[in-house]
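Here the structure is laid out as structure tokens; the discussion comes afterwards.
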Amino acid sequence: MRRIFIAFLLLHVSLFAETLVLEHFKANVFAKSDKKPVEAMVGLIFEGKEVKLYEYKVVDALNIVIGSYFAEDLVTSRGKELLKSTLIAYAKKTHGLVIDAVYIKELTVKTNPSTKEIVDAIKKEGVFQQQQQQHNNAPKQQQQSQQLNLAPPLPKRSLIPEENAVNF
0 MRRIFIAFLL LHVSLFAETL VLEHFKANVF AKSDKKPVEA MVGLIFEGKE
50 VKLYEYKVVD ALNIVIGSYF AEDLVTSRGK ELLKSTLIAY AKKTHGLVID
100 AVYIKELTVK TNPSTKEIVD AIKKEGVFQQ QQQQHNNAPK QQQQSQQLNL
150 APPLPKRSLI PEENAVNF
């Protein structure tokens with residue numbers, strides 16, 4: 000009898016739990032190193048009572064909480080766990096919303112490099128140097144190609160099959 004009561008209670012509780020999926024949620028957070036804003040894109044799954052009905056409260060709580068984190072903190076496992084627990088506590092305290100669990104489906108942080116950083120990275124890879132060397136070597140190569148015979152070599156044997164001969 001006790002088992003049936005517990006099973007009924009768990010079934011009753013699980014019927015009232017809802018799932019809300021937020022995909023491609025974008026927010027700007029700051030980087031610790033250079034204090035520049037970077038874009039964080041998050042996909043989260045929320046489980047709780049009335050989370051679909053109060054989706055706007057969930058989104059508001061997520062905006063507030065994720066804005067209080069640095070980009071470097073969001074990509075660590077400790078930072079992700081702290082984000083989830085802070086989000087649950089903030090939603091309960093501020094909006095009276097009960098969130099049972101938060102699951103991170105995706106979390107990416109994209110930096111927005113400046114033009115100077117892009118040029119420096121390209122220079123570091125040596126792309127400009129390779130192009131300059133090609134331009135400097137181009138007149139020499141043209142002179143050499145004029146002197147060289149670029150005709151294909153003639154075959155050493157006849158391509159016409161001979162009688163009584165084995166041709167491969």
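Residue numbers for the sequence shown follow my numbering, so the first one is 0 and each next one is one higher.
Just so it is clear, CB atoms sit at the ideal spot from N, CA and C, and this is done for glycine as well.
For residue i, count neighbouring C-beta atoms within 10 Å of its own C-beta (all shown protein chains included) and say buried if the count is 16 or more, exposed if not.
i, result
"L86", "buried"
"F167", "Residue placement at F167 cannot be trusted, given a pLDDT of 47 that sits under 50; what the coordinates show is reported in the next sentence. Per the 10 Å Cβ criterion, exposed."
"E52", "Glu is not the amino acid found at residue 52; the sequence shown has Leu there. So L52 counts as exposed."
Can you tell me where the alpha helix (DSSP H) with residue i in it begins and where it stops?
i, result
"E116", "114 to 124"
"A88", "76 to 89"
"E71", "70 to 73"
"Y55", "54 to 65"
Which residue wins for smallest C-alpha separation from residue i, given the options the options?
i, options, result
"K35", "V118, S113, I121", "S113"
"V20", "L52, G42, K91, V28", "G42"
"D33", "T93, I121, T110, I117", "T110"
"A88", "V118, L61, E22", "L61"
"Y68", "Y55, A120, K83", "K83"
Which residues in the same chain as residue i place their Cβ atom closer than 6 Å to its Cβ, once the five residues preceding and following it in sequence are excluded?
i, result
"A26", "A39, I65"
"G47", "V97, I98, D99"
Can a CB atom of chain D be found closer than 7 Å to the CB of residue i?
i, result
"E22", "Among the chains of the structure shown, chain D does not appear; only one protein chain is present."
Note the first and the last residue of the continuous beta strand (DSSP E) segment covering residue i.
i, result
"E22", "16 to 29"
"K35", "It is not in any beta strand (DSSP E) - K35 carries neither H nor E in the DSSP assignment."
"L106", "98 to 109"
Between which residues of its own chain and residue i is the CB-CB distance below 8 Å, once the five residues before and five after are set aside?
i, result
"K91", "V97, I98"
"V50", "E17, T18, L19, V57, L96, I98"
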